[in-house]
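Note that UniProt numbering has the sequence shown beginning at 1, numbered continuously upward.
Where a beta carbon is used, it is the ideal one built from N, C-alpha and C, also for glycine.
Given the structure is predicted, the values throughout are model-derived calculations rather than measurements.
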Amino acid sequence: MDSLANREANGRSIGKRIIPAAPQTATSMRIHPASRPTGRTESLDVIRGIAAMVVMLSHCSIGVSTAMPAAWAALAWTPLRFFWAGHQSVIMFFVLSGFALTHMIESMKPYGYWKYLGARVARLYPPYILSVLFALAVFGTISAFGIHWERGWMTVSKPYLTLPLALGHLMMVGVFQMGDITPVIWSLVYEMRISILFPLVLWAVSRYNFKAVFAFVGLSLLYWLRYRGLTWNWPATATSNLLETFHYTTFFAIGSWIALNQTSIRAKFAALSKVATGVMWLLGLTLFTYSFNGSFHLGQRALADVFIGIGSAIVIALSLDLAHGALFNIGKWFGKISYSLYLTHTPILHACLILLFPRIGGIATPLITIVLAVGFAALFNRYIEQPSIRLARAIARRNRAAHPANYPA
């Protein structure tokens, strides 16, 4: 690897960041922008925690919308819409993942692809597969007590475990019916797929800067053009999965670009007036909240994702230096348990809908669900997720010289 001085002489300069003049192999690549990110960005843990809560609230809203359809319709396009922007929050997660993975690779000394991938698998897979087993245990226990429910009633799952379905969940990155057991794991499948390819994404964004981001947005628009005439009832084929994987890679690229340029982004946003900052917040939240209307039309969803990604990027850029305080600490705590909450809340919600909704209705059931889901997520985080984090960090630190770093979180 050339020294930074040699790279400055031989590379192309973008602002204060030096871009390598030639690509490197996947197993030896190191990205060293001069404006290196330093320290963990705790503000984005807050954003991650809020996003996880919004996903849970969006799923819990099925009880309220069923019990009070007229009131729900009246609220549909008010600013309260933010609190059930579940799909939008998943896109936010993807942007945040691109940011976090850039930090992760930046901090690995020395970088090695297999070390990176091992750490990523250790971080994602154990909580993922144990959450699937938890969901099966929940539904199996309910069935064992002779309680029956219709599959799809109020979006409730009723898994029928077959060998292909079991193997699909075990492999995680293949083509299978992702929503048959735990509906939310579809995003984890794409997360793992994109994580495998992410060093190439980071190389492209580091080398070509915003041009690479535009190229990924172009892939998303091609995906939209390909499927703009289809509804959600489409075949789960390898081709469709591949194209959708490329589509979601766009948002990882956006997050990576923010991470690589966060010093200049911070400076530019700090220079804005209060009015201009308020306008940017309004723009970011509007694009995030209102670009998607819950449609299951693939074309509408794909195009909306692009605008959601832009809104997410604006919100993240504005949130790099949030003021600390009580609300910050609460959000940070939810950020800590966000992965556990995301993975485990739907089986708890579905169990509450099956057992409680017919008896206590659509207001009390979601409230009880939220309390149970947050409490269980805290336990799952402590006993399942935290050991996975420690394992991932141990893998990432192997053969590492002393260096202040950011590791998988």
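CA-to-CA distance, residue j to residue i, given in whole angstroms
i, j, result
"V184", "G112", "31 Å"
"N381", "I337", "6 Å"
"L260", "M92", "18 Å"
"Y116", "Q386", "18 Å"
"G179", "S157", "8 Å"
"P404", "T289", "Confidence at P404 is low in this model, with a pLDDT of 44, below 50, so the placement of that residue should be treated as unreliable; the coordinate-derived value is given next. Their backbone Cα atoms lie some 37 Å apart in a straight line."
"A238", "R228", "18 Å"
"H32", "V173", "Because the pLDDT of H32 is 43, which lies under 50, any placement of that residue in the model is unreliable, and the question is left without a value."
"N329", "V46", "8 Å"
"A253", "F216", "7 Å"
"R390", "L124", "12 Å"
"G375", "S340", "10 Å"
"P164", "V175", "10 Å"
"I236", "W224", "The amino acid at residue 236 is misidentified as Ile; the sequence shows Ala. Those two C-alpha atoms are separated by around 16 Å."
"L170", "C60", "28 Å"
"residue 449", "N209", "The question about residue 449 has no answer here: the residues shown for the chain are numbered 1 through 409."
"I360", "P69", "17 Å"
"F296", "H324", "39 Å"
"R48", "G146", "39 Å"
"I142", "L379", "21 Å"
"R81", "A270", "29 Å"
"W203", "A144", "51 Å"
"F357", "A166", "30 Å"
"A122", "T182", "20 Å"
"I105", "I395", "13 Å"
Whole-angstrom C-beta distance between residue j and residue i, which should lie under 8 Å
i, j, result
"V205", "W149", "That belief does not hold up - the Cβ atoms of V205 and W149 are roughly 46 Å apart, past 8 Å."
"A302", "H247", "6 Å"
"A377", "H345", "7 Å"
"F292", "I316", "Incorrect: roughly 18 Å between the Cβ atoms, too far for contact."
"M280", "L287", "Between L287 and M280 the Cβ distance is about 11 Å, and since that is not below 8 Å, they are no contact."
"T249", "V201", "6 Å"
"G362", "G86", "Going by Cβ atoms, the distance from G362 to G86 rounds to 17 Å, so no, they are not a contact pair."
"P127", "I384", "5 Å"
"L136", "P159", "6 Å"
"M154", "T66", "6 Å"
"G255", "F99", "4 Å"
"S187", "V90", "5 Å"
"I368", "M56", "Not a contact, Cβ separation roughly 13 Å."
"F251", "L101", "With 8 Å as the limit, F251 and L101 do not qualify as a contact, their Cβ atoms being about 12 Å apart."
Top-ranked residue by Cα proximity to residue i, from the options
i, options, result
"M192", "F288, A52, L80, R120", "R120"
"G278", "T263, L318, L163", "L318"
"V189", "T141, L242, K268", "L242"
"D321", "I194, M56, V55, K268", "K268"
"A52", "W333, T182, G361", "W333"
"R226", "A396, Q300, V55", "Q300"
"E42", "A373, T162, H103", "H103"
"S220", "R151, V306, L197, L165", "V306"
"S131", "R151, Y342, R359", "Y342"
"L283", "P79, L44, F251, A74", "P79"
"S58", "T245, S312, P366, V275", "P366"
"S312", "L298, V95, A71, A73", "V95"
"R393", "M56, G118, A74, W72", "G118"
"A373", "C352, S388, P358, F357", "C352"
"G335", "A76, S97, R266", "S97"
"I314", "Q177, L298, A276", "A276"
"I129", "T245, G218, G168", "G168"
"A76", "E244, G294, R397", "G294"
"Q88", "I50, L44, A71", "I50"
Strand pairing of residue i, partner residues [DSSP]
i, result
"T346", "None, per the DSSP bridge assignment."
"T231", "H297"
Margin query: To test your reading of the DSSP string, which unbroken alpha helix (DSSP H) runs of 4 or more residues are found completely within the stretch 272-348?
Written below: 274-290, 298-318, 326-336
Margin query: Please give the ranges of any alpha helix (DSSP H) in the stretch 132-185, keeping only runs that are unbroken, at least 4 residues long and fully inside the region.
Written below: 163-171
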